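Accompanying notes for the structure given below.
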Amino acid sequence: GQQLNQSPQSMFIQEGEDVSMNCTSSSIFNTWLWYKQEPGEGPVLLIALYKAGELTSNGRLTAQFGITRKDSFLNISASIPSDVGIYFCAGQITSYGKLTFGQGTILTVHP
Amino acid sequence: ETGVTQTPRHLVMGMTNKKSLKCEQHLGHNAMYWYKQSAKKPLELMFVYNFKEQTENNSVPSRFSPECPNSSHLFLHLHTLQPEDSALYLCASSQAGANTEAFFGQGTRLTVV
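Those sequence lines, one after another, are chains A and B.
Following our numbering, the residues of the first sequence are numbered contiguously, the last one being 111.
Following our numbering, the residues of the second sequence are numbered contiguously, the last one being 113.
As structure tokens, then:
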């Protein structure tokens, strides 16, 4: 089956720093999604990407759909303590909305 | 509030018990999913329902039995589970088709003792 390699697995940063994480795959995806999950909660959708090369922002978050359609990155600028959580990428190839998830990036922000 | 509600939020059950997890979505979606999230593992897709029909079973053991009576409700019936089945069980919904976004419930934290 399809696999997504997400990196880094974890990040420990100071408040105010920028963050970058990415996902790569051996398969081509038609959609890339980025989710954030906080403790005890389900994943919440942050950004959705539908076209190769697309660059989309949501506040301090920016994500891009790679030109090859096999990768995506997420940047967080000027991190704040509430950015703490697990960030997941997810890709979709076919119909029926089935998503393949990356392993997640655990983000810790020190005040 | 994502429009997808799961109950209960927490469940502790013995290996001989029978219990059910419930999911309800108020988004008008026609596809619903069960995912399992274990520590240090990616989310694992368990079941997919499109227009109330099961379209995918990802080699899930028969002690997990899904039910989708209508497009808004999804159940996961549990019986004779094992301790390694302890995990966060997440329900999600979306519109069926490509380029769709899945919305998740808050999950049910299941502990099998």
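Heads up, the beta-carbon is just placed ideally off N, CA and C, and yes, glycines get one too.
Bear in mind that the values here come from a model prediction, so they are computed numbers and not experimental data.
#1: With 7 Å as the limit, tell me which residues of the region 35 to 65 of chain A have their beta carbon closer than that to any beta carbon of chain B; keep them in chain order.
#2: In chain order, which beta strand (DSSP E) runs of at least 3 residues are fully inside the region 15 to 74 of chain A?
#3: Within the 9 Å Cβ cut-off, does VAL48(B) reach chain A?
#4: Do SER72(B) and GLU24(B) come within 9 Å of each other at the CB atom, strictly closer than that value?
#5: What residue from GLU41(A), LEU61(A), PHE29(A) has the CA that sits closest to ILE67(A)'s CA?
#6: Suppose the cutoff is 8 Å on Cβ atoms and the five residues either side in sequence are ignored; what does the same chain contact list for THR16(B) look like?
#7: Quickly, what does DSSP pair ASN57(B) with across the bridge? List them, please.
#8: Over what stretch of residues does the beta strand (DSSP E) that includes ILE106(A) continue unbroken?
#9: Can you list the residues of chain B that GLY127(A) reaches, using a CB-CB cut of under 8 Å?
#10: To the nearest angstrom, report how far apart GLY91(A) and GLU15(A) are at their CA atoms.
#11: Counting only C-beta atoms, is LYS98(A) closer than 9 Å to chain B at any point?
#12: At a CB-CB cut-off below 7 Å, which residues of chain B make contact with LEU33(A)?
#13: Using a cut-off of 7 Å between C-beta atoms, extract the partners of PHE101(A) located in chain B.
#14: On the three-state DSSP scale, how would you describe GLU24(B)?
#15: Where do the N-terminal and C-terminal ends of the beta strand (DSSP E) with MET32(B) fall, by residue?
Quick answer:
#1: Cβ contacts with chain B come from GLU41, GLY42, PRO43, VAL44, LEU45, ALA48, TYR50.
#2: List check, beta strand (DSSP E) in window: 19 to 25, 31 to 37, 44 to 49, 55 to 58, 61 to 65.
#3: For this step, residue 48(B) is matched to residue 48 along the second sequence. At least one CB atom of chain A sits nearer than 9 Å to the CB of VAL48(B).
#4: The count along the second sequence starts at 1 and reaches residue 24(B) at position 24. The count along the second sequence starts at 1 and reaches residue 72(B) at position 72. Contact flag set, yes.
#5: Within the first sequence, residue 67(A) is the residue found at index 67, counting from 1. Nearest neighbour of ILE67(A) by Cα position, chosen from GLU41(A), LEU61(A), PHE29(A), turns out to be PHE29(A).
#6: On the second sequence, residue 16(B) is found 16 positions in, with the first residue counted as 1. THR80, listed in sequence order.
#7: Working through the second sequence from its first residue, we reach residue 57(B) at position 57. According to DSSP, residue pairing for ASN57(B) in a beta bridge involves PHE47(B).
#8: Reading the first sequence from its first residue, position 106 is the one you call residue 106(A). Note, ILE106(A): beta strand (DSSP E), 105 to 110.
#9: A question about residue 127(A) goes unanswered here, because the residues of chain A that appear run from 1 up to 111.
#10: On the first sequence, residue 91(A) is found 91 positions in, with the first residue counted as 1. On the first sequence, residue 15(A) is found 15 positions in, with the first residue counted as 1. Near 29 Å, if we compare the C-alpha coordinates of GLU15(A) and GLY91(A).
#11: Here residue 98(A) is taken as the residue at index 98 of the first sequence, counted from 1. For LYS98(A), a Cβ of chain B is located within less than 9 Å of the residue's own Cβ.
#12: Mapped onto the first sequence, residue 33(A) falls at position 33. GLU101, listed in chain order.
#13: Position 101 of the first sequence, counting from 1, holds the residue named residue 101(A). Near PHE101(A) (Cβ distances below 7 Å), the residues of chain B are PRO42, LEU43.
#14: If you number the second sequence from 1, residue 24(B) lands on position 24. Of the three classes helix, strand and coil, the one that applies to GLU24(B) here is strand, per DSSP.
#15: The count along the second sequence starts at 1 and reaches residue 32(B) at position 32. Element bounds for MET32(B): 31 to 37.
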